[in-house]
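Everything below concerns the one structure shown next.
Residue numbers (this note's numbering): -8 to 487.
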């Protein structure tokens, strides 16, 4: 990987696959691809280096302004001129409930909680998906094209993806949700959106089972190309790019002073499942942001085992926990981190990931594991630790945490009780407690439900069942073909 000083706003930013066997693409190519053709993930070919002066200039910026600066660096004005970029990001954040978009709550005993959940669906995914959807529509309108987005969800991704594209002219979205496996609120956030471009299916199966028809459809390369299919899950580069802003904002809000030499570090505690937020933090770190990263997981602990001892292997089963969005077996974005920390060794990354795909188990090379444990610390939290952190935070601050945020805050309390000296610390809070009333009750606390969420119960719903006895892949293919027919007819009518 090459490095260059900032600013170089006129240069084209190219993206390469972590596995090194695919042609490089620009931001538009990475946005529409998801996975690279060789099965790898796209990463910037060059990383801009941020000096003290740039960090000082950025330190006073709002969250949306930081997003604009990062996107300008990683997209480039030849693809989206700066004025257009500013408009797209302004529009993306226009429906957020908090005027700052992202808000830092400073609580007792040095606890800083960065609230990433002020979007429409009360989860951090709103931040990256609303920007990603604006970028998609910008390019589609310029090219007069249409895409169909296919999403399998265990809860939050589906509702945030629907929210980001509902009513869009050039995008249809198909969401498969596991009937009875989401919280009631998560399901209602998806099934109460009645726009013509939103197609929701309730599958009689769990989130792993509903992935099967999606994989089958995407495996048919000719079909994918013919119908312009794409996914919006956490491997999409655009989502990682926006998530880098969380780390910059956390740093600037928590750093005691930018006048010290060297710049003082801030510890950012990242609760994660698929490691998108963690990959974003590692890239920010490589660009010169003085953050110390701590990754926290629940008892589905593949990332923790990888950091601690290089054991990147699947457990026998996914264990259901209170932090359900982190009940993940395969943290896809770790591939980006391996590539980044191995100095963009695509051959080594490809060998590592292909072995993992074959055997579900791999030991990291010693050198890579030692670089990983230098870049990131890790901890795994039990359900008991989660409910204790939720209870303690309420007791000390009258502040309700969601169970995923509690995975991060539990680390803060651990360190505080051990009286460990540490830099300023900021815990990322990925969702509002309002989305997880069951976990709040499990912690012995009283849920607080906002009026917008209560109102969902009274709304009309639309959801097509996919029963056990149905051919799910056939239903999915038929739906995609019907959407394409309608779009083709609409274009024909518009040109007559």
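Glycine included, each C-beta is placed from N, C-alpha and C at the ideal position.
With fewer than 16 other Cβ atoms from the protein chains shown falling within 10 Å of its own Cβ, residue 132 counts as exposed. Linking residue 236 to residue 217 through their CA atoms gives a straight-line distance of about 35 Å. Beyond the five residues adjoining it in sequence on each side, residue 339 comes within less than 6 Å, by CB distance, of 333 in the same chain, given in chain order. Pairing residue 255 with residue 277, the inter-Cα distance amounts to about 16 Å. A straight-line Cα-Cα distance of about 16 Å links residue 399 and residue 414. By the criterion of a C-beta distance shorter than 8 Å, residue 382 is surrounded in its chain by 434, 435, 436, once the five residues flanking it on both sides are discounted.
The beta carbons of residue 9 and residue 32 sit closer together than 7 Å. Taking the Cα of residue 443 as reference, the smallest distance to any Cα among 19, 87, 67 is reached at 87. The segment 131 to 150 and the segment 34 to 49 do not touch, with fewer than three beta-carbon pairs separated by less than 8 Å. In its chain, beyond the 5 residues on either side, 147, 148, 151 have a beta carbon closer than 7 Å to the beta carbon of residue 116.
Comparing alpha-carbon positions, the option among 61, 193, 227, 365 lying closest to residue 19 turns out to be 227.
Excluding five sequence positions before and after residue 455, the CB atoms of its chain that fall closer than 6 Å to its own CB belong to 192, given in chain order.
Residue state for residue 40 is assigned as strand, using DSSP reduced to three classes. Here residue 370 is bridged, per DSSP, to 287.
Residue burial is scored here from C-beta neighbours: residue 420 has at least 16 other C-beta atoms within 10 angstroms and is therefore classed as buried. The residues 372, 376, 380, in chain order, have a CB closer than 6 Å to that of residue 401 in the same chain once the five nearest residues on each side in sequence are set aside.
Note on the segment 78 to 119: there is no whole alpha helix (DSSP H) run with a minimum of 4 residues. For residue 423, the number of other beta carbons within 10 angstroms of its own is at least 16, and it is reported as buried. Counting other Cβ atoms within 10 Å of its Cβ, residue 128 reaches 16 or more and is therefore classed as buried. As computed with DSSP, residue 302 is found in a beta bridge with 354. A straight-line Cα-Cα distance of about 47 Å links residue 300 and residue 448. A direct Cα-Cα distance of roughly 51 Å separates residue 215 from residue 247.
With 16 or more other Cβ atoms inside 10 Å of its own Cβ, residue 336 counts as buried. Shown here, residue 365 sits in a helix according to DSSP, grouped into three states. Approximately 19 Å separates the beta-carbon atoms of residue 417 and residue 298; this is outside 8 Å, ruling out the contact.
About 18 Å separates the CB atoms of residue 309 and residue 287; that is not less than 8 Å, and the two are not in contact. The segment 156 to 236 contains, as complete alpha helix (DSSP H) runs of 4+ residues, the segments 175 to 182, 198 to 210, 212 to 217 (chain order). If the five residues before and after residue 143 are omitted, its C-beta is found closer than 6 Å to the C-beta atoms of 167, 201, 202, 205, all from its own chain and listed in chain order. Of the candidates 130, 162, 119, the residue whose Cα lies closest to the Cα of residue 138 is 162. C-alpha of residue 66 to C-alpha of residue 89: approximately 27 Å in a straight line. When the Cα atoms are used, residue 341 and residue 100 turn out to be separated by approximately 45 Å. Note that the C-beta distance between residue 158 and residue 136 is not below 7 Å. Residue 2 has its alpha-carbon roughly 26 Å from the corresponding atom of residue 82. Note that the C-beta distance between residue 140 and residue 164 is below 7 Å.
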